[in-house]
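Residue numbers (the UniProt record's numbering): 1 to 327.
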Ligand code: CUA
């Protein structure tokens, strides 16, 4: 991921409909150029040809109309507009026609300030993968992402929490973008035949950390995907034999806290750093900071930036413990 190059992805066509979208774009582009020039070039030519010093009053004739010319300048642009419509319509149709659910994997997607969450159907052992993907400023990369097998239809059911704002899930390499709206379910599908890692960007201005609301799609070989999907690992690229993390750390990662708060340094990402916070505040204060963040906003920060987190009491207690342990 290169955060300085926001156009990463346009150099590859990683979804099956990407070529249709590009074709529609370039046909639109060239027809617009031709139609534009066909008006602008004659305009300058006639302005020059019939300039005042070049026309004598007795040469001026009043034309009322010219039927063949009028028919030509109506029919030719109309035909070109129909060409534009055809390619626009067919490429939109390929994007908007969902494949049958029985031949697809349906994944729930949630966008919120400022993280993306993906929830898979249960695997054979009943485990449901729930992945939270945030951009980690410290490593300059996206932590976790949407993992999908190559050559498979993926249907995304997208939404945002009611107390959040509109986001938009945009994958330049796929040429697809779909709004993620609080309280509404939008759908988008894709199929990628090219294994690789593709950037996801939020394409709807959503506040303070909008420009860091990145994620990624990782298109994997079927066998690699299956091996991960039937496991309980949070990602295919994390060592399953590594030391298990605490419940608190797991909650911290799954709720995307790391996207805005640094836990192991004094760096201010969006909100205050949490290192050493246990020494400054008691458990009750830290609990309020999670469930009712606007109750007391530290100096230099603004209310309304952090949404309240409606989590079970036990989870909040684990998170508070994790914060108190961050020294
Ligand atoms: Cu989410 Cu911009």
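For glycine and all other residues, C-beta sits at the position ideal for the given N, C-alpha and C.
All figures in this text were calculated on a predicted structure; none of them were measured in a lab.
Beta-carbon separation (whole angstroms), residue 191 vs residue 16, contact threshold 8 Å: Against the chain shown, residue 191 aligns to sequence position 191. Against the chain shown, residue 16 aligns to sequence position 16. So it is a contact: roughly 5 Å between Cβ atoms.
Proximity test, residue 127 beta-carbon vs ligand 1 heavy atom, cut-off 6 Å: Here residue 127 refers to the residue found at position 127 of the chain shown. No, the beta carbon of residue 127 sits no closer than 6 Å to any heavy atom of ligand 1.
Three-pair Cβ contact test at 8 Å for the segment 309-321 versus the segment 243-260: yes
Residues of its chain near residue 287, where Cβ-Cβ distance is below 8 Å and the 5 sequence neighbours each way are ignored: On the chain shown, position 287 is the one that residue 287 refers to. Same-chain partners within the cutoff: 316, 317 and 320.
Residue 270 to residue 146 span [Cα, whole Å]: Taking the chain shown and counting its residues from 1, the one referred to as residue 270 is at position 270. Taking the chain shown and counting its residues from 1, the one referred to as residue 146 is at position 146. When rounded, the distance between both Cα atoms is 24 Å.
Heavy atom of ligand 1 within 6 Å of residue 213 beta-carbon: Residue numbering aside, residue 213 sits at position 213 when the chain shown is read from its first letter. Checking every heavy atom of ligand 1 against the Cβ of residue 213, one is found closer than 6 Å.
Collapsed DSSP secondary structure at residue 54 in the structure displayed: Within the chain shown, numbered from 1, the residue matching residue 54 stands at position 54. Helix.
According to DSSP, residues forming a beta bridge with residue 118: In the chain shown, counting from the first residue as 1, residue 118 sits at position 118. Answer is 109 and 131.
Start and end residues, alpha helix (DSSP H) containing residue 313: Sequence index remark: in the chain shown, residue 313 carries index 313 (1-based). That run of the alpha helix (DSSP H) goes 313-325.
Cβ pair count under 8 Å reaching 3, the segment 171-183 against the segment 8-28: yes
Which listed residue (265, 112 and 90) has its alpha carbon closest to that of residue 19: Mapped onto the chain shown, residue 19 falls at position 19. Answer by Cα proximity: 90.
Bridge partner(s) assigned by DSSP for residue 196: Looking up residue 196 in the chain shown gives position 196. Answer by DSSP bridge pairing, in chain order: 219.
Stretch pair the segment 287-306 + the segment 211-229: three plus CB contacts closer than 8 Å: no
Proximity test, residue 65 beta-carbon vs ligand 2 heavy atom, cut-off 6 Å: This structure lacks ligand 2; the ligands present are ligand 1.
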